[in-house]
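Beneath this line is the structure, given in structure tokens, with notes to follow.
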Amino acid sequence: KAAKENDAQTAEQYSRESVRVARTTRELLKKFATAYHVYHAEDNGRKAPKRLSQTRMNMGGLYADVGDHEAIAITKDLFLLIIQDRTVQKLMDELELPPDRANLFEIIDADGSGTLQITELLQGLLKIRGEIS
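Residue numbers for the sequence shown follow this note's numbering, beginning at 459 and rising by one.
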């Protein structure tokens with residue numbers, strides 16, 4: 459009986475942790491999507507910031523959903539700008555990603571294209587965490 463209770467408790471903890479990781483990863487991906495759109499705003503005639511930390515990464519849900527993720531391509535330069543944001547650093551800490559984050563781009567860029575699509579970023583982050591093999 460004790461073993462069954464322990465298994466149930468372990469399963470519940472695993473489930474809670476999975477939900478936490480999913481939510482944190484989603485927030486992190488939203489930050490990348492928002493930064494992409496802010497950075498590429500000059501394509502629409504607006505001036506892009508020199509540093510993303512000068513912008514509001516929380517833009518009231520403007521790009522809250524990553525629905526247009528097919529169009530997003532994060533370059534290494536943009537990746538390096540995004541990971542300087544304190545909120546992004548905190549989310550990466552919560553996901554227990556390695557502290558040497560400047561080198562993560564090459565690891566995550568599985569196809570060697572020089573850009574990260576949202577799905578590639580998601581899979582790369584989860585692989586680094588050990589969530590998928």
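C-beta: ideal position from N, C-alpha, C; glycine also.
In the DSSP assignment, LYS459 falls outside any alpha helix (DSSP H), carrying neither H nor E.
For the pair of segments examined, the stretch 552-560 was found not to touch the stretch 571-582: the number of CB pairs separated by less than 8 Å stays below three. Counting the other Cβ atoms within 10 Å of the Cβ of LYS459 gives fewer than 16, which makes it exposed. Look at LEU553 here: in three-state DSSP terms it is coil, with no helix or strand label.
Beta-carbon to beta-carbon, ILE540 and LEU574 are separated by about 10 Å, too far to satisfy the 8 Å threshold. DSSP, reduced to helix, strand and coil, places ILE530 outside both helices and strands of the structure shown, so it counts as coil. Remark: C-beta atoms of LEU536 and TYR494 approach each other more closely than 8 Å. Apart from the 5 residues on each side of it in sequence, ASP569 sits with its Cβ closer than 8 Å to the Cβ of GLU578 in its chain, given in chain order. Contact check for LEU486 against ILE576 fails: the beta carbons are separated by 8 Å or more. Distance from the CA of PRO557 to the CA of VAL546, rounded to the nearest whole angstrom, comes to 12 Å.
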